[in-house]
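Novice: For the first sequence, the numbering used here gives the first residue as 100, with consecutive numbering after it.
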Amino acid sequence: MKNQEIAKIFNEMANFLEMEGIAFKPYAYQRAAYSLQVLEEDVGDVYRKGGLEALQDIPGIGKNLAEHIEDYLKTGKIKTHEEYKKKLPVKTDELLKIEGLGPKKIKVLYQKINIKNLIDLERAAKGHKIAPLFGFGDKTEKNILEGLEFIKKNSGRFLLGEIMPIAQKIYGELESLKEVEKINLAGSLRRQKETIGDVDILIVSKNPKKVVDFFVALPGVKKILGAGPTKASIRLKEGFDVDLRIVPEKSYGAALQYFTGSKDHNIATRKIAIEKGLKLSEYGLFKGLKMIAGRTEEEIYKALGMIWMSPEIRENEGEIEASLKDNLPALVELKDIKGDLHCHSDWDGGKNTIEEMAQAAIDLGYEYIGISDHTKFLRIEDGLDEKKLLRQRQQVNEINKKFQASGFKFQVLQGCEANIMNKGSIDINDEVLAQLDYVIAGVHSILKMPQREMMARITKAMRNPNVDIISHPTGRLIGRRDEYKHDFDLMLKTAKETGTILEINASPQRLDLRDLYIKRAKNEGVKMIINTDSHQKEQLNLMEYGVSQARRGWAEKSNIINTLPVEELLKYF
DNA sequence: GCCGTTTTCGGCCCGACTGTTTTCAGTCG
C-alpha cells in the first residue's frame with residue numbers, strides 16, 4: 100500500500116507551502132493526506148481500476164493532487180516535492196515536534212543559520228546562536244532546549260489506560276475546589292481514543308483566576324506552558340500536558356462540544372453552521388450577534404438540525420451524515436456486558452484461582468465468567484495439556500454445582516486460549532476441545548509470516564469446528580508492535596462463513612480489534628466479543644476500554660456476543 | 001489546491017496566549 104507513503108509526502112508538502120507563506124494550499128494538502136491515511140483501498144488499485152478520474156473521487160483529491168499521485172505511482176517520486184526538498188532541505192517533520200516551532204520559524208532557522216534537523220538545532224541552541232536572531236529571543240531558545248529534552252524522553256502519545264487514572268485524579272482535585280461549578284474531561288480522552296496526546300479539562304467558574312492558580316500549582320507540575328485568564332497548560336512529571344479551559348455557564352455546551360473534537364468533526368459542524376448562516380465557536384452558536392444555543396451540546400446539535408451523538412464517534416467518519424439523517428447507531432454500553440470470556444486463572448500461572456475470578460465477576464454484576472487458560476504450546480505461561488484441561492473441567496463443574504445448590508444464578512464456563520500453530524493446527528486435540536464450553540484460539544508464535552501463509556494459518560484454525568473465537572486477531576501492541584501481515588477482508592469472509600467470533604481485546608495496549616476493523620466487522624455482520632484477557636482479577640475492570648473501542652467502531656449490542664444471557668451464548672457456541 | 005441544494009469564483013473553522021518586532025505574527029488546539 101502506497102497510501103501512507105503518499106500521505107507523508109503530502110503532509111511534507113503542506114509544511115513546505117506553509118514555510119513559503121502560501122495560504123490555503125497547505126490545508127488542501129493536509130486534507131488529502133488525511134483522506135489517504137484513512138482510505139481502506141490501496142490507492143494504486145484505485146488508480147489501476149479507474150485512472151485519474153477515480154483518484155478524484157477520493158475526498159480532497161482534485162485534478163492536481165491526482166496527477167501528483169499518478170506521478171508517485173509511476174516514478175516513486177513527486178516532482179514538485181523533489182523541487183521543494185532541494186530548495187528547503189529541512190527535516191520539517193522532526194523540527195515541528197518542538198513545541199513553539201512552526202513552519203515560519205523553521206524557515207528562518209534554516210535561512211539564517213542553516214538548521215536542517217534536530218541535531219543542528221540542539222547544537223545551535225546550546226551555542227546561543229538562536230536568541231540573537233530577529234524574531235527569536237532568550238525565552239524561545241530556552242523553550243527549544245526544553246522541547247529537545249522533552250521529545251528525547253517521550254514518544255508523544257500515551258495509552259488511554261495509562262493516562263485515564265492520572266487524569267481522573269486531577270479531575271477529582273479540581274472538582275473539590277469550591278470555585279468549580281461544572282467540570283468535564285474533553286478532548287481525545289472523552290472520545291476514548293486508544294492513545295492520548297494530552298488531557299483536556301473544561302470548567303465553569305465565576306472565579307477563573309482562582310481555578311487557574313490552583314491548577315498550575317497542582318502537585319506533579321513540571322512546567323507551566325501557559326496561564327491566562329481563561330486557559331492554562333501544564334506539563335506533568337509523567338511527561339504529558341494538561342490543558343484547562345474555563346468558560347461561562349451559558350457557553351458550557353458549546354465549549355464542551357468544541358474541546359471534545361475531533362478537529363475534523365468540529366470543522367464539519369462549523370461548516371454546517373456556516374451553511375445555515377450561523378457561526379459556531381466555543382462560546383456558542385450565533386446568528387449575527389445573537390446567541391441562539393450554547394448551554395448544552397444537545398441544543399447546539401439540535402439548532403444545526405442534528406441529533407446529539409456520543410463523543411466516541413465524533414471523528415468525521417460518517418457520524419455527521421448519520422446525525423443529520425437521524426440514523427445514528429445505538430452504541431453498546433458497559434452495562435450490556437453480561438460476562439467476560441477471556442480470563443486466565445492460577446492454573447496457567449495467572450494470579451487468582453477460578454473461585455476468586457468468579458467472585459470478582461459477580462462483584463461486577465456479571466452472569467458468567469469464562470476461564471480460558473493458555474494451552475501446552477506456551478510453556479512460558481505454563482500452558483495446560485489435555486489431561487489438565489479435563490481435570491480443570493471437573494473443578495469447574497464442582498464450582499457450578501455449588502452455585503446451583505445455593506440458588507445463585509451465576510455460571511463459570513470453561514474454555515481455553517489455544518495456540519494456532521504455524522500451519523493452522525490447534526495444539527490441543529479435538530476430542531478434548533469438544534468437551535469445553537467454548538474455544539478461543541490465538542496466534543502467539545512466529546508473528547512475522549508472509550501475509551499468505553499467515554492467512555492460511557488463521558483461516559484453517561477458523562474452519563476447525565471446535566474453534567469459536569479468535570483472540571487479539573491482528574496481534575498488534577499499540578506503539579510497540581505492528582499488526583502481523585493479515586488480510587482483514589479474508590478474515591471477515593472466513594469468519595462469516597464459519598460463524599467464528601472475533602475478539603475485541605480490552606487490554607489497553609492491545610485494543611485489538613481496533614475501531615476501524617470493528618466498523619468493518621459490523622458492516623459484514625461478523626459477530627464480536629469484548630474480553631479483558633485478565634491475568635488477575637483486578638484486570639476485569641479493563642472491560643470499559645474494550646467497550647469504548649467497540650463504541651468507537653460503531654458497535655451495537657447485537658454485534659457483541661457477550662451481551663447475551665448464558666443460555667443463548669452457549670447455544671450460539 | 002479543493003469545492004459547490006446560494007457558487008465553476010471566491011471562499012477556505014475560530015479563538016487564546018506567548019514572545020518579541022511594543023503591535024501583532026506565529027503557534028497551538
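From the three backbone atoms N, C-alpha and C, an ideal C-beta is built for every residue, glycine too. Quick caveat, the model's predicted, so the values are computed rather than measured.
Assuming residue 170 and residue 178 form a contact by the criterion Cβ under 8 Å, report the distance between their Cβ atoms to the nearest whole angstrom.
Specialist: 6 Å
Novice: Work out the CA separation of residue 667 and residue 282 for me, nearest whole Å.
Specialist: 42 Å
Novice: Residue range of the beta strand (DSSP E) that residue 287 falls in?
Specialist: From DSSP, residue 287 is part of no beta strand (DSSP E) but of the alpha helix (DSSP H) over 286 to 289.
Novice: Given residue 537, which residues of its chain have a CB within under 6 Å of its CB, disregarding the five upstream and five downstream residues?
Specialist: Here the set comprises 514, 567 and 672.
Novice: Okay, do the region 475 to 493 and the region 454 to 464 touch, 3+ Cβ pairs below 8 Å being the bar?
Specialist: no
Novice: So what's residue 655 in DSSP terms, helix, strand or just coil?
Specialist: strand
Novice: At the level of alpha carbons, what is the spacing between residue 501 and residue 462?
Specialist: 17 Å
Novice: Whole angstroms is fine: what's the gap from residue 441's alpha carbon to residue 574's?
Specialist: 15 Å
Novice: On the DSSP bridge list, what partners appear for residue 622?
Specialist: Answer is none; residue 622 lacks a bridge partner.
Novice: Which class does residue 405 belong to by DSSP, given the choice of helix, strand or coil?
Specialist: DSSP places residue 405 in coil when its eight states are reduced to three.
Novice: Flag this pair as yes or no: are the beta carbons of residue 286 and residue 607 separated by less than 7 Å?
Specialist: No, Cβ-Cβ distance for residue 286 and residue 607 is not below 7 Å.
Novice: Excluding the 5 residues flanking residue 582 on each side, which residues of the same chain have their C-beta closer than 7 Å to its C-beta?
Specialist: 573, 574 and 575
Novice: Does the structure place the region 623 to 639 close enough to the region 648 to 660 that three or more beta carbon pairs sit under 8 Å?
Specialist: yes
Novice: In angstroms with no decimal places, state the Cα-to-Cα distance between residue 519 and residue 557.
Specialist: 7 Å
Novice: One question on the structure: do residue 336 and residue 250 come within less than 7 Å of each other, judged by their Cβ atoms?
Specialist: no
Novice: DSSP state of residue 149, grouped into three classes?
Specialist: helix
Novice: Which residue wins for smallest C-alpha separation from residue 637, given the options 507, 531 and 452?
Specialist: Residue 452 is the option with its Cα nearest to residue 637.
Novice: Under a Cβ-count criterion, where at least 16 other Cβ atoms within 10 Å of its own Cβ denotes burial, should residue 191 be classed as buried or exposed?
Specialist: buried
Novice: Return the Cβ separation of residue 652 and residue 611 in integer angstroms, given the expectation that the two are a contact with Cβ distance under 8 Å.
Specialist: Not confirmed; about 12 Å, so no contact.
Novice: Rounded to the nearest angstrom, what separates residue 305 and residue 299 at their Cα positions?
Specialist: 19 Å
Novice: From the DSSP output, read off the bridge partner residues of residue 451.
Specialist: DSSP lists no bridge partner for residue 451.
Novice: Would you decide whether residue 434 is buried or exposed? Buried here means 16 or more other CB atoms lie within 10 Å of its CB.
Specialist: exposed
Novice: Straight-line CA distance for residue 517 to residue 474?
Specialist: About 5 Å.
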